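Take a look at the structure set out below.
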Amino acid sequence: MSYLETTHDVYKDAALTPDIGLCCTTNPIWELPGLKIPRIMQEMNYGCGSTVHARDLTNNPKTLYVGVGGGMELLQFAYFNRQKNGVIGIDVVDEMLEASRKNFIEAEALNPWFKSEFVDLKKGDAMHLPVEDNSIDVAAQNCLFNIFKADDLQKAIAEMYRVLKPHGRLVMSDPTCEQPMNDELRNDDRLRALCLSGSLTIAEYVKALTDAGFGTIEIRARKPYRILDPKNYATDELIYIESIEVAAIKDPMPNDGPCIFTGKAAIYFGDNDYFDDNAGHVLLKNQPLAICDKTAGAIANLNRDDIFISESTFHYDGGGCC
């Protein structure tokens with residue numbers, strides 16, 4: 001049995017018998033006026049909470065979500081696009097699709113504004129999306145890409161890039177791990193299905209996105225996720241896994257490489273009112289400006305004694321230099 005078949009079976013079981021403890025949710029559900037989440041959707045929320053910001057969903061965006069779970073994310077996205085088929089949900093597990101359809105009926109009863117037709121549920125997988133090229137404004141996935149082995153991950157990211165419109169964004173949450181795992185852990189198909197093995201480092205994760213062509217990467221958050229310990233797993237030491245929230249934007253790739261925001265900021269504290277590097281970056285005196293890693297390096301190379309550049313915080317909330 002392949003790791004993808006194991007994953008299919010894990011989530012088939014989770015669709016038939018909701019498993020509240022299948023994943024640890026690190027973000028709260030959205031609390032918006034008139035939005036009520038059915039309890040069954042919350043129990044089937046098999047991800048790390050929504051990583052999409054409300055500001056990503058302006059102007060009735062056509063939204064794609066891969067790995068539907070109990071439908072909670074789809075309901076939340078439909079709040080911002082109340083049009084027929086305004087939201088597309090993709091899943092390879094028939095039972096999960098059917099569970100979502102049933103849950104949407106309950107959501108209709110709780111939310112007078114919501115209609116099931118707002119969400120178009122389709123069977124498919126992340127490596128073969130049944131979606132037209134350049135048709136999606138916002139694509140999202142949650143604790144899915146982490147399960148893929150390298151070749152399949154490359155295909156999944158390429159598919160997301162294909163379906164996004166220019167300047168569209170792919171918003172994701174996945175576990176990452178800076179510590180090396182032994183082969184037994186890394187190759188355990190069930191642990192992989194549960195997002196607990198095969199975790200990429202942040203650098204590998206970002207490189208996979210930029211290799212696909214995404215010109216702007218925003219690391220929005222980096223949070224504690226799980227511990228693999230010797231009592232319960234085949235490891236001799238504690239392995240710390242983090243959850244990383246990332247937005248990859250389908251901007252053109254700059255000639256000098258991608259803009260990757262890891263939470264760095266520059267502060268000018270010189271004698272003038274501002275500093276202009278003549279490369280599109282103006283620093284007002286004593287006003288921090290979020291900068292991408294590329295710009296941080298360029299400013300650091302100026303060797304000025306009146307500009308401070310912070311370390312990466314791995315938290316970025318927009319408003320940056322690029």
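full-length UniProt numbering numbers the first residue of the sequence shown as 1 and each following residue consecutively.
Yeah, the Cβ is synthetic: ideal placement off N, Cα and C, and Gly gets one too.
Because the structure is a prediction, the values reported are computed rather than measured.
Sequence-distant partners of Leu228 (beyond 5 residues in either direction) whose C-beta falls short of 6 Å from its own C-beta, in its chain, are Thr235 and Ile239.
Linking Met72 to Ala109 through their CA atoms gives a straight-line distance of about 15 Å.
Taking every protein chain shown into account, the CB of Gln83 has fewer than 16 other CB atoms within 10 angstroms, so this residue is exposed. Bounds of the beta strand (DSSP E) holding Met172 are Leu164 to Thr176.
Counting along the chain, Gln76 sits inside the alpha helix (DSSP H) bounded by residues Met72 to Ala78.
For the region 135 to 219, the continuous beta strand (DSSP E) assignments of 3+ residues that do not extend past its boundaries occur at 136 to 142 and 164 to 176, in sequence order. Just measuring C-alpha positions, the residue of Leu196, Ile217, Ser173 and Pro61 sitting nearest Val206 is Ile217.
Straight through space, the alpha carbons of Arg186 and Val52 are spaced by roughly 29 Å. Using a Cβ-Cβ distance cut-off of 8 Å, the region 99 to 116 and the region 143 to 154 are not in contact, since fewer than three pairs of beta carbons, one from each stretch, lie closer than that value. Between the C-alpha atoms of Gly124 and Ile90 there is a straight-line separation of about 6 Å. Residue environment for Asp137: buried (at least 16 other C-beta atoms within 10 angstroms of its C-beta). Pro33 and Asp120 have their C-alpha atoms some 24 Å from each other. In the structure shown, Ser100 falls within a helical segment according to DSSP collapsed to helix, strand and coil. Proximity of the region 306 to 317 to the region 209 to 224 meets the contact definition, three or more beta-carbon pairs being nearer than 8 Å.
Between Cys259 and Ile291, the C-beta spacing is not below 7 Å. In this structure, the beta-carbon distance from Arg162 to Asp133 falls below 7 Å. Cβ neighbours of Asn272 within its own chain (closer than 8 Å, five residues either side excluded): Lys285. In the three-state scheme derived from DSSP, where H, G and I count as helix and E and B as strand, Leu16 is classed as helix. In the DSSP assignment, Thr295 falls within the alpha helix (DSSP H) that extends over Asp293 to Ala300. In this model, Leu16 and Met96 are separated by some 8 Å (Cα to Cα). Annotated three-state conformation of Ala234 is coil, per DSSP. One thing to note: Pro175 has its Cβ no nearer than 7 Å to the Cβ of Ile249.
Within the same chain, Cβ atoms closer than 8 Å to the Cβ of Pro230 are found at Asp236, Glu237 and Leu238, the five residues on either side in sequence being excluded.
Excluding sequence positions up to five before and after Glu5, its CB lies less than 6 Å from no other CB in the same chain.
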